[in-house]
Every structure is written in C-alpha cells, then in structure tokens.
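Under full-length UniProt numbering, the residues of the sequence shown are numbered 1 to 180, in order. Ideal Cβ placement from N, Cα and C applies to all residues, glycine included.
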Amino acid sequence: MQPFWDRADALAGSECDRAIALAQAGLLQPALVFGQDGYAPNPSVRQVDTSFHARSSETGWLFDIVDGLFAEAAQAMGVSVAPMREDLQILRYRPGNHFQMWHSDAGHDLHGARTLSISIELSEAGDYDGGDLEIVPHALKRTRPLRRGAARIFPSQALHRVTPVTRGTRWALVNWTGSA
Ligand SMILES: O=C(O)CCC(=O)C(=O)O
Ligand SMILES: [Fe+2]
1 MQPFWDRADA LAGSECDRAI ALAQAGLLQP ALVFGQDGYA PNPSVRQVDT SFHARSSETG
61 WLFDIVDGLF AEAAQAMGVS VAPMREDLQI LRYRPGNHFQ MWHSDAGHDL HGARTLSISI
121 ELSEAGDYDG GDLEIVPHAL KRTRPLRRGA ARIFPSQALH RVTPVTRGTR WALVNWTGSA
C-alpha cells in the first residue's frame, strides 16, 4: 500500500465553512481516548474538542464527498473499502490542543475493522502554527502543512500524531472506513 494519498482540493472553501458551521451548531466536547477504563478524557494523550455527525439530510453532501475520496484512494492504494459507517468527526484544535501520542486508528478498540483514515484540513495553513498531522514514516518532520480543503488518506494502522497548536485554531474533519 502507498504510504498516503493526497487530494489538494477535496473541499472548496465554502464547503470547509459549511463543515465548521455543522460543528459550531452541534455539540463540541472534549475528546475521549480509549484506555483501560474504556473511553475517557486523557489530555496528556489527546486534548481537542470534537463533534460527531451522523449521515443525514443535513450532512449527506459531506458524506458523499468523503465516500468518493475514500473510494478513489482505495483504488490507488490497492485495498477495498465500503461506504463509511462511522459518524463524521469535526475537530477544533485551539492553542495547546493536540493528539500528541503516536497512535494507530485501528486494532486497539472496537475499530479493528478500519482500513483507511482521512483527515481534511478545514483551516487555512496560515491561521495556525503547530497542529501538524505526522504519519510514520513518510510525513515525519513535514514542514509544510496541507492547505485548506486538502485531504490526506492513510492506512489506519499507520502510527500518527498531531503536534500541539501553538497559535490560532486548526479545524479538521476525520473519519475512517473499512471493508464491506
Ligand atoms: O487531526 C487530525 O488530522 C487527525 C486526528 C487523529 O489522528 C484522530 O482523531 O484519530
Ligand atoms: Fe488518529
């Protein structure tokens, strides 16, 4: 499998605005992480506010776009995936926020079925410092963040992390998919 797959213009600026508005109209709450007590906040591992969005008449347009990106990436990466079953997650990283622990999105909890992960940048790269999504091994020490609207799809088993935001706000959209 290729290390990751990028699409520079996955979302238009107006679509990034619509995605952020969904989160602002919903329930942004401190992120949980899976550990020995099940799902609980653990700010030394991950500190960010997230909101979850089911597939609905309000969000169907966004699910359709992300399903299309996953399908294209899966073909390029030589894997097969089904449409997403998990809710979309929209994340707001403010100064000090991070997911600084190296982790994989697959295999440690209920999510053994995840094959591919997606992260879409919803903020202009110039609006924040830090907040770099690093993926082992190919995106380590990456100095140029992706631009607003860009998607990066990577194997869910790959170790990755998000470095602390040191200025401004980084909004991102994350989801996963697996085989049928
Ligand atoms: O913020 C990101 O781009 C990725 C976050 C992440 O790795 C996760 O939520 O599992
Ligand atoms: Fe992750």
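Residue environment, residue i, which counts as buried when at least 16 other CB atoms sit within 10 Å
| i | result |
| --- | --- |
| W176 | buried |
| E58 | exposed |
| S119 | buried |
| L27 | exposed |
| S179 | exposed |
| S14 | exposed |
| W61 | exposed |
| Y93 | buried |
Where residue i sits in the DSSP three-state scheme
| i | result |
| --- | --- |
| V66 | helix |
| Q100 | strand |
| D37 | coil |
| L122 | coil |
Test item: CB-CB of residue i and residue j under 9 angstroms
| i | j | result |
| --- | --- | --- |
| D129 | R167 | yes |
| D127 | R114 | no |
| P3 | G96 | no |
| L69 | H103 | no |
| R161 | E121 | no |
| R7 | A150 | yes |
Nearest-angstrom Cβ-Cβ length linking residue i and residue j, presumed shorter than 8 angstroms
| i | j | result |
| --- | --- | --- |
| A73 | I153 | 4 angstroms |
Exercise. Does the pairing of the segment 16 to 26 with the segment 47 to 64 give three or more beta-carbon distances under 8 angstroms?
Worked result: yes
Exercise. Three or more C-beta pairs closer than 8 angstroms, one from the segment 82 to 89 and one from the segment 162 to 177: is that the case here?
Worked result: yes
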